[in-house]
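Accompanying notes for the structure given below.
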Amino acid sequence: MAEFLHIVLSVSLFYTFIAGGACSEDLRFCATVHISPSAYLVPTQHLEWGKWIESYYHTADAEAPTARTSPIKFCTSGREMSPSGTEGRVTVVPLNFGYNSDTNTKFTIEWDRPWSGRSYVREIYDENVYDVEKIKLGPWQYRYNLIYKPLSK
């Protein structure tokens, strides 16, 4: 049986109401990574713009993702109470697939959710290592099923 790397991504627009009934928007990007079996590493994460937050609904500052077991969840947003977006990337390496410094098993999630202009979420991976099935779950919500080719029968 093939091993899967499951990644659920969602990008959402969130409104924050402030004094006087005015509202300000900040844009958020959230992702959840499930790997079976669950051992993995997040060797790199980088936030060009915005901040790491606890979750979609809790905007307290948080640390960048560094978990070594599944699932890992991370969220970013623009500045609070300010119209701004978020941009960054996170790389995941399944440890059970043989991690080393030159690994080609890594999978990178890259996003740009600007305040104005076109948003994107891009996945970067080695096509010789993974077969990828991208399933749209809703507006700005996707699930990626990555099948590790060397383990496929």
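Using the working numbering, read the sequence shown as starting at 342 and increasing by one per residue.
Quick reminder that beta carbons are idealized off the backbone N, C-alpha and C, glycines included.
Quick caveat: nothing in here was measured; it's all calculated off a predicted structure.
Of the candidates W456, S460, F448, F448 places its Cα closest to the Cα of E468. Apart from the 5 residues on each side of it in sequence, E389 sits with its Cβ closer than 6 Å to the Cβ of E428, G429 in its chain, given in chain order. Residue range 461-465 is occupied by the beta strand (DSSP E) that includes R463. Following the DSSP letters along the chain, one finds D472 inside the beta strand (DSSP E) bounded by residues 471-479. According to the DSSP assignment, R430 belongs to the beta strand (DSSP E) that extends over 427-435.
By the criterion of a C-beta distance shorter than 6 Å, S396 is surrounded in its chain by C416, once the five residues flanking it on both sides are discounted.
N486 has its alpha-carbon roughly 32 Å from the corresponding atom of R420. Taking the Cα of I394 as reference, the smallest distance to any Cα among V431, F370, E464, Y483 is reached at F370. DSSP, reduced to helix, strand and coil, places E404 outside both helices and strands of the structure shown, so it counts as coil.
With respect to I476, R484 sits close: the two C-beta atoms are nearer than 7 Å. Excluding residues up to 5 positions away in sequence, N486 lie with their Cβ nearer than 6 Å to the Cβ of E474 in the same chain. Just so you know, the alpha carbons of T446 and L368 end up roughly 30 Å apart.
Annotation: the continuous beta strand (DSSP E) that includes R454 extends over 448-454. In the three-state reduction of the DSSP assignment, R420 falls in the coil class, being assigned neither a helical nor a strand state.
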